[in-house]
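Asks: Numbering (full-length UniProt numbering), first residue to last: 1 to 376.
Just so it is clear, CB atoms sit at the ideal spot from N, CA and C, and this is done for glycine as well.
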Amino acid sequence: MRFVFFLALRQLRYRRTQSLTTLLGVAVGIMVLTTALSLTNGFVKGLIDATLKAVPHLQLLVLQEDKPPPPPKPNPEVLAQAPVFITKALLTRRAGAGRSAGADFATILGLGQGGAAVYPELDLSRLKPGKIVLGLALARSLGAYPGDKLFLVSVNQKRIELEVTATFQTGNYLLDSGFAFTTLQDARNLMEQPHGLTGYQLRLKDPEKAPQIGVELAGSAYFPQPWQSTNRTLIQQLALQKRVIGIVVFLIVCVAALGMANVLVLAVVEKTQDIALLRVLGARGLQVAGVFGLEGLILGLSGVILGNLLGWGLSSYFAWRPLAIPGELYFLTRLPVEIRPSDFLWVSGMSLLVVMLASLLPLFRALRIKPGEVLR
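1) Lys131 and Glu163: beta carbons closer than 7 Å?
2) Val84 to Thr165, Cα distance in whole Å?
3) Leaving out five residues before and five after Ser141 in sequence, what residues of the same chain have Cβ atoms less than 8 Å from its Cβ?
4) What's the gap between the Cα of Val78 and the Cα of Asn156?
5) Taking all protein chains shown into account, do 16 or more other C-beta atoms lie within 10 angstroms of the C-beta of Leu345, making it buried, or fewer, making it exposed?
6) Taking 8 Å as the cut-off, does the stretch 208-216 touch the stretch 119-130 (at least 3 CB pairs, one atom from each stretch)?
7) Whose CA, out of Gly29, Leu33 and Gly25, lies closest to the CA of Gly246?
8) Could you pull the start and end residues of the alpha helix (DSSP H) that Ile48 belongs to?
9) What does Lys149 pair with, by DSSP beta-bridge criteria?
10) Beta strand (DSSP E) containing Leu134: first to last residue?
11) Please state whether the Cβ-Cβ distance between Gly171 and Arg99 is less than 7 Å.
12) Take the Cβ of Gly112 as the centre, count every other Cβ of all protein chains shown within 10 Å, and call the residue buried at 16 or more, exposed below.
13) If you run the structure through DSSP and keep just helix, strand and coil, what is Asp343?
14) Which whole runs of the alpha helix (DSSP H) in the stretch 173-239 are 4 residues long or more, in chain order?
15) Using the Cα positions of Leu204 and Phe43, report the straight-line distance between them to the nearest angstrom.
16) Quick check on the DSSP output: the beta strand (DSSP E) that includes Gly102 runs from which residue to which?
17) So, does the stretch 23-40 touch the stretch 302-319, judging by three or more C-beta pairs under 8 Å?
18) Taking the Cβ atom as the reference point for each residue, do Ala89 and Gly114 lie within a distance shorter than 7 Å?
19) Out of Leu323, Arg16 and Leu23, which has the shortest C-alpha to C-alpha gap to Leu297?
20) Rounding to the nearest angstrom, what Cα-Cα distance links Pro146 and Leu197 in this structure?
21) Using alpha carbons as the reference points, say which of Leu335, Val62 and Ser38 lies closest to Tyr222.
22) Beta-carbon within less than 6 Å of Asp343's beta-carbon, same chain only, minus the 5 sequence neighbours each way: which residues are those?
23) Using C-beta distances below 6 Å, list every residue in its chain close to Glu208, excluding the 5 sequence neighbours before and after it, in chain order.
24) Enumerate in chain order the residues of its own chain whose CB-to-CB distance from Asp206 is below 8 Å, with the five nearest sequence positions on each side excluded.
25) What are the boundary residues of the alpha helix (DSSP H) that includes Val118?
26) Looking at the secondary structure, which residues open and close the beta strand (DSSP E) in which Ile86 lies?
27) DSSP beta-bridge partners for Gly96?
28) According to the Cβ coordinates, are Gly199 and Leu60 closer than 7 Å?
29) Look up Ala324 in the DSSP assignment and give the residues it is bridged to.
30) Is the beta carbon of Leu175 less than 7 Å from the beta carbon of Leu91?
31) Over the uninterrupted beta strand (DSSP E) stretch that includes Leu61, give me the two end residues.
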């Protein structure tokens, strides 16, 4: 074994430029893959976190709006709950003070008692009768500032006037540009439904338990709608996106491994006479072939270690200085990063497997050399 290791290191030093290029090829592939996975993890987590700021963990929708049922029974997993009446309306602002008029459509959430506790990150404590809280992107679209008066027009042509008291920003552009909060009574007045009720919105200790808690609380009076159900399409798309990115980028590692195998096969061809001479001097065929297999393993292992270090460093840099992205397209204004050691272990394991399989090509090529025919 010492003889094989000695020859493998000597060969790598002899072809220093080729060895370094091959090692860097594997390292760059792994660096790109681990960084892409960290960015994808951060994007998924950031988008879900931003969504949960303006989306309740659980909604219990009434089955008969004309006969509102009693509030859901208490549950230790529920941190806060509030009645809600959801509708859509046209928001308009008059021109004045050097500003042109503004108009936009929005989803109106009329919250009852306890609504501020359901959305603690949005600071709805200033939401009072006659007031409205706008998403920041919606407020910019309307050209509205705190203190401005807005007219809300319903599908029934009912119009009420509310004052902008505050704005909120979740980081999810779709929510920031399309949602506004009012009191439950103002929403009912807008729709001319004195007892209108869409259901109850709940905030939970653990959002992941929303489906189970929804079933427990729904009974026969409500239809449970956990946030996973509301955003099912988004979650599935994000999972598919990560899977596709991982597969595509992993092909870079495969290409680098095949490039390494090609270099080692050419080395076998170049050293055919030396291999034959070693066999004549008493070296076993597996020993000589193992030299080239060990070269591939050394290059691959070094590339994996270097690639992980570079990937971790690049991911940490992007975590320190996140990339700015257009919120209109990607819902987030900054691209967060989430580094998962499990991803690095998975990438390292698969990369080593590919490298080891690629190292078998020069090994088998060396085994096929017949010393007698070469030296004849």
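Replies: The answer reads as follows:
1) A contact, by the Cβ cut-off of 7 Å.
2) Distance between the alpha carbons of Val84 and Thr165 is about 19 Å.
3) These residues qualify, in order along the chain: Gly102, Asp104 and Ser177.
4) Distance between the alpha carbons of Val78 and Asn156 is about 36 Å.
5) For Leu345, the number of other beta carbons within 10 angstroms of its own is below 16, and it is reported as exposed.
6) Judged by Cβ distances under 8 Å, the stretch 119-130 makes no contact with the stretch 208-216, as fewer than three pairs qualify.
7) Nearest of Gly29, Leu33 and Gly25 to Gly246, Cα basis: Leu33.
8) Ile48: member of the alpha helix (DSSP H) spanning Arg16 to Lys53, first to last residue.
9) Answer is Glu163.
10) Lys131 to Gly135 is the extent of the beta strand (DSSP E) around Leu134.
11) Not in contact: Gly171 and Arg99 (Cβ atoms no closer than 7 Å).
12) Residue environment for Gly112: buried (at least 16 other C-beta atoms within 10 angstroms of its C-beta).
13) The three-state secondary structure of Asp343, taken from DSSP, is helix.
14) Runs found: 173-178, 184-191, 210-218 and 227-230.
15) When rounded, the distance between both Cα atoms is 23 Å.
16) Residue range Gly102 to Leu111 is occupied by the beta strand (DSSP E) that includes Gly102.
17) Yes, the stretch 23-40 is in contact with the stretch 302-319.
18) No.
19) The shortest Cα separation from Leu297 among Leu323, Arg16 and Leu23 belongs to Leu23.
20) Distance between Pro146 and Leu197, taken at the CA atoms: about 28 Å.
21) The residue with the shortest Cα to Cα distance from Tyr222 is Val62.
22) Contacts found: Leu37.
23) Within the same chain, no residue comes within 6 Å of Glu208 by CB-CB distance, once the 5 residues on both sides are set aside.
24) The residues are Glu77.
25) Per DSSP, Val118 is one residue of the alpha helix (DSSP H) stretching across Gly115 to Val118.
26) Residues Val78 to Arg93.
27) Answer is Arg99.
28) Yes, they are a contact pair.
29) Arg334, per the DSSP bridge assignment.
30) The Cβ atoms of Leu175 and Leu91 do not sit closer than 7 Å to each other.
31) Taken as a continuous stretch (DSSP letters only), the beta strand (DSSP E) holding Leu61 covers Leu58 to Val62.
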